[in-house]
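Below you'll find the structure, written out as structure tokens, and then a few comments.
Protein chains: 2
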Amino acid sequence: MIIDCHGHYTTAPKQHEGWRQQQIAAFDEKKAIPARPSISDDEIRDSIVNAQLKLQKERGTDLTIFSPRAAGMSHHLGDAETSAQWSRACNDLIHRVCALFPENFVGVCMLPQSTGVSPANCRAELERCVKELGFIGCNLNPDPSGGWWKDPPLTDRYWYPIYEKIVELDVPAMVHVSASCNPCFHGTGAHYINGDTSAFMQFITGDLFKDFPTLRFIIPHGGGAVPYHWGRYRGLAQDMKKPPLKDYLLKNVYFDTCVYHLPGIELLTRVIPVENILFASEMVGAVRGVDPETGHNYDDTKRYVDQLKIGAAEKQKIFEGNALKVFPRLAGALAKARK
Amino acid sequence: MIIDCHGHYTTAPKQHEGWRQQQIAAFDEKKAIPARPSISDDEIRDSIVNAQLKLQKERGTDLTIFSPRAAGMSHHLGDAETSAQWSRACNDLIHRVCALFPENFVGVCMLPQSTGVSPANCRAELERCVKELGFIGCNLNPDPSGGWWKDPPLTDRYWYPIYEKIVELDVPAMVHVSASCNPCFHGTGAHYINGDTSAFMQFITGDLFKDFPTLRFIIPHGGGAVPYHWGRYRGLAQDMKKPPLKDYLLKNVYFDTCVYHLPGIELLTRVIPVENILFASEMVGAVRGVDPETGHNYDDTKRYVDQLKIGAAEKQKIFEGNALKVFPRLAGALAKARK
Numbered sequence: 107m108i109i110d111c112h113g114h115y116t117t118a119p120k121q122h123e124g125w126r127q128q129q130i131a132a133f134d135e136k137k138a139i140p141a142r143p144s145i146s147d148d149e150i151r152d153s154i155v156n157a158q159l160k161l162q163k164e165r166g167t168d169l170t171i172f173s174p175r176a177a178g179m180s181h182h183l184g185d186a187e188t189s190a191q192w193s194r195a196c197n198d199l200i201h202r203v204c205a206l207f208p209e210n211f212v213g214v215c216m217l218p219q220s221t222g223v224s225p226a227n228c229r230a231e232l233e234r235c236v237k238e239l240g241f242i243g244c245n246l247n248p249d250p251s252g253g254w255w256k257d258p259p260l261t262d263r264y265w266y267p268i269y270e271k272i273v274e275l276d277v278p279a280m281v282h283v284s285a286s287c288n289p290c291f292h293g294t295g296a297h298y299i300n301g302d303t304s305a306f307m308q309f310i311t312g313d314l315f316k317d318f319p320t321l322r323f324i325i326p327h328g329g330g331a332v333p334y335h336w337g338r339y340r341g342l343a344q345d346m347k348k349p350p351l352k353d354y355l356l357k358n359v360y361f362d363t364c365v366y367h368l369p370g371i372e373l374l375t376r377v378i379p380v381e382n383i384l385f386a387s388e389m390v391g392a393v394r395g396v397d398p399e400t401g402h403n404y405d406d407t408k409r410y411v412d413q414l415k416i417g418a419a420e421k422q423k424i425f426e427g428n429a430l431k432v433f434p435r436l437a438g439a440l441a442k443a444r445k
Numbered sequence: 107m108i109i110d111c112h113g114h115y116t117t118a119p120k121q122h123e124g125w126r127q128q129q130i131a132a133f134d135e136k137k138a139i140p141a142r143p144s145i146s147d148d149e150i151r152d153s154i155v156n157a158q159l160k161l162q163k164e165r166g167t168d169l170t171i172f173s174p175r176a177a178g179m180s181h182h183l184g185d186a187e188t189s190a191q192w193s194r195a196c197n198d199l200i201h202r203v204c205a206l207f208p209e210n211f212v213g214v215c216m217l218p219q220s221t222g223v224s225p226a227n228c229r230a231e232l233e234r235c236v237k238e239l240g241f242i243g244c245n246l247n248p249d250p251s252g253g254w255w256k257d258p259p260l261t262d263r264y265w266y267p268i269y270e271k272i273v274e275l276d277v278p279a280m281v282h283v284s285a286s287c288n289p290c291f292h293g294t295g296a297h298y299i300n301g302d303t304s305a306f307m308q309f310i311t312g313d314l315f316k317d318f319p320t321l322r323f324i325i326p327h328g329g330g331a332v333p334y335h336w337g338r339y340r341g342l343a344q345d346m347k348k349p350p351l352k353d354y355l356l357k358n359v360y361f362d363t364c365v366y367h368l369p370g371i372e373l374l375t376r377v378i379p380v381e382n383i384l385f386a387s388e389m390v391g392a393v394r395g396v397d398p399e400t401g402h403n404y405d406d407t408k409r410y411v412d413q414l415k416i417g418a419a420e421k422q423k424i425f426e427g428n429a430l431k432v433f434p435r436l437a438g439a440l441a442k443a444r445k
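Protein sequence lines, in the order shown, are assigned to chains A and B.
Per the numbering used here, the first sequence runs over residues 107 to 445.
Per the numbering used here, the second sequence runs over residues 107 to 445.
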């Protein structure tokens, strides 16, 4: 079984984003928020069948761990209540996709974050998504300010209330920024990758996993710059008198394979233990074109993993085994889907 | 000849940084700035002979293109006049190192940048360093605010006044951030790498080299995350209808080899044309330890390049040829040193 641990609902019916615009306009104008739009099952089916599901079939993957559009989370807009409403709308829609295609999609939620508002505020929505909607993880935005990085590092006690709930529910968190309002940071080309790199360096600097030994993070986009600079990170940790990174962080930190060329994926699997790598494509996502050097889509990352010169058991870990380990609720969700 | 294009004077005599502290204290207290300290030639010799020069000899490199300590630039402190005074002090000290060891060091200046102050303000100091002190390049900080990214992207016309002077003098600029005041960004582990990644994505997004076809940038630290995500960047450029990156940016953008493990350097030379790679170590710099996996210093990057399975002519480009091309004033500086 091939599990893609990082897919976003970038193709949601247009009235969903339309409502978001109305919501933000109403917030800005201090008016009442309109009711959420009606979206039919057929509209949801259409949005999936011709996009994510079609690509799953074409590329030979089986299941996508599916979350709301990352740039769309935009926690910098409105206030905490704005984010709460929008999170519920987005997560409910993910739930409907998963209910319609239970063998192809399992849900991961966005959280109702808001700059300067305690992440304790996200506990109820996470609990609702896991316990009521059957979700198996969450996306945690390390920069709810949208490119201005106004909140504390992820190792700060500021974040502990949500970590307590994450640990209690035994779900992992993918560290995933949202849209960038900072003109210096292109969204998918800079802010995303910088967010990944910064988070990992925060984990080196802090000592978070002493307090939360079972907390698990997935750093997407192949871990940002981290595997490419693995020597730098090993050396920085060493200069700080930290244990070797393998012992210090790799029981808690995982990387996905959203790296859009073979040499990058080869580097990833060469320096990071295969036990810490989860297959992912981020589709339909950041890069939509066909690579003229290969004749295949840049984001068809399965092709790169297929080409790796590693054993079948190692590939099985990347494609399936590690996901089942990092997302303990996944096995139950699959069993339920197959009933 | 082996030219290290990226070395910082991290070992300057302590009264130099001491004066900086006095300068900032005087600025904060609105008092008169004290006179610059006396530093003897012997003190400068001592600071170099047992550090950068010793490492050059041990590692078998010949010449370092040498600039002030990057984190020390701290353009966010004080105001434009503060940065002007400090830049003169730092650049003058680099000049004294180069005068004492003319065969081992050639100067690159820092610029008197200050958040929100036009880079036109840096033209005179750049001209002084190149024309009077014999410097061959400059370091340009894309984020003078120190981790808050308050100035426009490097492709904005805001930066054009300094580009005009850079082009007129025919010197390259290394894109190099300074210290981070943002607790989310560790300096050498996040802010440096993010700065590199962000700058490259700015160059993709803007169309700067149409206006400045001879402007040349070196992106240090192996280009941040860029080579690891080369597929992503090629794909993003393609989605934006830009030309292939090789044609679009690689006549103007170069990468150094400050990547502290062999797999990273192998990736770099696999995806980026050797014509665009300049040897560098960043020593004495970000990572000071010995890699237990190799028994050698992480930042002994010459060892990694030596181990590459590429031809001698290609290695010569990385070690020497490309530096002579990207820094046209280098040949003259070397000829003068050998007289």
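Positions of the beta carbon are idealized from the N, C-alpha and C atoms, including for glycine.
Quantities reported herein were computed from a predicted structural model and do not represent experimental measurements.
Which listed residue (407/A, 241/A, 416/A) has its alpha carbon closest to that of residue 438/A: The residue labelled residue 438/A in the question sits at position 332 within the first sequence. By alpha-carbon distance to residue 438/A, the top candidate from 407/A, 241/A, 416/A is 241/A.
Residues bridged to residue 173/B (per DSSP): For the purposes of this step, residue 173/B is identified with residue 67 of the second sequence, where counting begins at 1. Per DSSP, 114/B.
Per DSSP, the bridge partner or partners of residue 448/A: Absent from the structure is residue 448/A, since the part of chain A shown begins at 107 and ends at 445.
Alpha helix (DSSP H) runs wholly inside the stretch 278-310 of chain A, at least 4 long, in chain order: If we require 4 residues or more, the stretch 278-310 of chain A turns out to have no alpha helix (DSSP H) run fully inside it.
Reduced DSSP secondary structure (H/G/I, E/B, other) of residue 360/B: Taking the second sequence and counting its residues from 1, the one referred to as residue 360/B is at position 254. Correct three-state label for residue 360/B: strand.
DSSP-derived helix/strand/coil call for residue 211/B: If you number the second sequence from 1, residue 211/B lands on position 105. Strand, per DSSP.
Residue 182/B - partner residues in DSSP beta bridges: Along the second sequence, read from residue 1 onward, the residue named residue 182/B stands at position 76. Residue 182/B pairs with nothing; no bridge assigned.
Residue range of the unbroken beta strand (DSSP E) whose run includes residue 341/A: As a working mapping, residue 341/A is identified with position 235 in the first sequence. Note, residue 341/A: premise wrong, no beta strand (DSSP E); alpha helix (DSSP H) at 336-345.
Rounded separation between residue 165/B and residue 406/B - CA only: In the second sequence, residue 165/B corresponds to position 59, counting from 1. In the second sequence, residue 406/B corresponds to position 300, counting from 1. One C-alpha to the other measures close to 7 Å.
CB contact below 7 Å: residue 291/A versus chain B: In the first sequence, counting from the first residue as 1, residue 291/A sits at position 185. For residue 291/A, the answer is yes, since a Cβ of chain B falls inside 7 Å of its Cβ.
Where residue 243/A sits in the DSSP three-state scheme: In the first sequence, counting from the first residue as 1, residue 243/A sits at position 137. Secondary structure of residue 243/A (DSSP, three-state): strand.
Proximal residues of chain A, C-beta to C-beta of residue 394/B below 7 Å: If you number the second sequence from 1, residue 394/B lands on position 288. Chain A residues near residue 394/B: 345.
Whole-angstrom distance between residue 362/A and residue 193/A, CA atom to CA atom: Position 87 of the first sequence, counted from the first residue, corresponds to residue 193/A. Position 256 of the first sequence, counted from the first residue, corresponds to residue 362/A. Cα-Cα distance, rounded: 24 Å.
Opening and closing residue of the alpha helix (DSSP H) in which residue 416/A lies: Along the first sequence, read from residue 1 onward, the residue named residue 416/A stands at position 310. No alpha helix (DSSP H) contains residue 416/A, which DSSP labels as neither H nor E.
Proximity to residue 111/A [Cα-Cα], best of 388/A, 332/A, 292/A, 415/A: For the purposes of this step, residue 111/A is identified with residue 5 of the first sequence, where counting begins at 1. When each option's Cα is compared against that of residue 111/A, the closest is 388/A.
Residues of the stretch 143-156 of chain A whose Cβ lies closer than 7 Å to any Cβ of chain B, in chain order: So the list is empty, because no residue satisfies the distance condition.
Contact set for residue 368/A: own chain, Cβ-Cβ below 7 Å, skip 5 residues either direction: Within the first sequence, numbered from 1, the residue matching residue 368/A stands at position 262. Cβ neighbours of residue 368/A beyond the five flanking positions: 410, 413.
Residue 179/B at chain A interface by Cβ criterion, 7 Å: As a working mapping, residue 179/B is identified with position 73 in the second sequence. Not closer than 7 Å to any Cβ of chain A, the Cβ of residue 179/B fails to qualify, so no.
Where residue 403/B sits in the DSSP three-state scheme: Position 297 of the second sequence holds residue 403/B. Residue 403/B falls in the strand class under three-state DSSP.
Straight-line Cα distance separating residue 201/B from residue 256/B: Here residue 256/B is taken as the residue at index 150 of the second sequence, counted from 1. Here residue 201/B is taken as the residue at index 95 of the second sequence, counted from 1. Approximately 31 Å between the Cα atoms of the pair.
For residue 397/A, the residue or residues it bridges with in DSSP: The residue you call residue 397/A lines up with position 291 of the first sequence. Answer by DSSP bridge pairing, in chain order: 402/A.
Expected contact under 8 Å - CB spacing of residue 117/B and residue 390/B to nearest Å: As a first step, residue 117/B must be located in the second sequence, where it is residue number 11. As a first step, residue 390/B must be located in the second sequence, where it is residue number 284. Indeed they touch by this definition, with Cβ atoms about 6 Å apart.
Limits of the beta strand (DSSP E) - the one that residue 433/A falls within: Taking the first sequence and counting its residues from 1, the one referred to as residue 433/A is at position 327. Where residue 433/A is concerned, there is no enclosing beta strand (DSSP E), given that its DSSP letter is neither H nor E.
Beta-carbon gap between residue 292/A and residue 107/B smaller than 7 Å: For this step, residue 292/A is matched to residue 186 along the first sequence. For this step, residue 107/B is matched to residue 1 along the second sequence. Not a contact, by the Cβ cut-off of 7 Å.
Listed by chain order, chain B residues near residue 90/A by CB distance under 8 Å: For chain A, the structure presents residues 107 to 445; residue 90/A sits outside this window and is missing.
N-terminal and C-terminal residue of the alpha helix (DSSP H) that residue 139/A is part of: As a first step, residue 139/A must be located in the first sequence, where it is residue number 33. Note, residue 139/A: premise wrong, no alpha helix (DSSP H); not H, not E.
Short-range partners of chain B found in the stretch 352-386 of chain A, where Cβ spacing is below 7 Å: Within the stretch 352-386 of chain A, the residues whose Cβ lies closer than 7 Å to some Cβ of chain B are 365, 366, 367, 369, 370, 373, 376, 377, listed in chain order.
7 Å Cβ cutoff, residue 304/B in contact with chain A: Working through the second sequence from its first residue, we reach residue 304/B at position 198. It does; some Cβ of chain A falls within 7 Å.
Start-to-end residues for the beta strand (DSSP E) that takes in residue 325/B: For the purposes of this step, residue 325/B is taken as residue 219 along the second sequence, with counting starting at 1. From DSSP, the beta strand (DSSP E) with residue 325/B extends over 323-325.
Any chain A beta carbon closer than 7 Å to residue 288/B: Mapped onto the second sequence, residue 288/B falls at position 182. Output row for residue 288/B: interface = yes.
Residue 153/B - containing alpha helix (DSSP H), residue span: Position 47 of the second sequence holds residue 153/B. Residue range 147-155 is occupied by the alpha helix (DSSP H) that includes residue 153/B.
Distance cut-off 6 Å: residue 248/B Cβ against heavy atoms of the ligand HEM: This structure lacks the ligand HEM, and indeed carries no ligand of any kind.
Among 220/A, 197/A, 223/A, the one whose alpha carbon lies nearest that of residue 212/A: If you number the first sequence from 1, residue 212/A lands on position 106. For residue 212/A, the nearest C-alpha among the options comes from 197/A.
Which listed residue (316/A, 416/A, 246/A, 344/A) has its alpha carbon closest to that of residue 175/A: Working through the first sequence from its first residue, we reach residue 175/A at position 69. Among 316/A, 416/A, 246/A, 344/A, the Cα nearest to that of residue 175/A is on 246/A.
Closer than 7 Å at the beta carbon, the chain A residues around residue 402/B: Numbered from 1 along the second sequence, position 296 holds the residue referred to as residue 402/B. Here the premise fails: no neighbours, minimum Cβ distance about 11 Å.
Beta-carbon proximity list for residue 258/B, same chain, < 7 Å, skipping 5 on both sides: Position 152 of the second sequence, counted from the start, is the residue given in the question as residue 258/B. For residue 258/B, where only same-chain residues beyond five positions count, the Cβ hits under 7 Å are 264.
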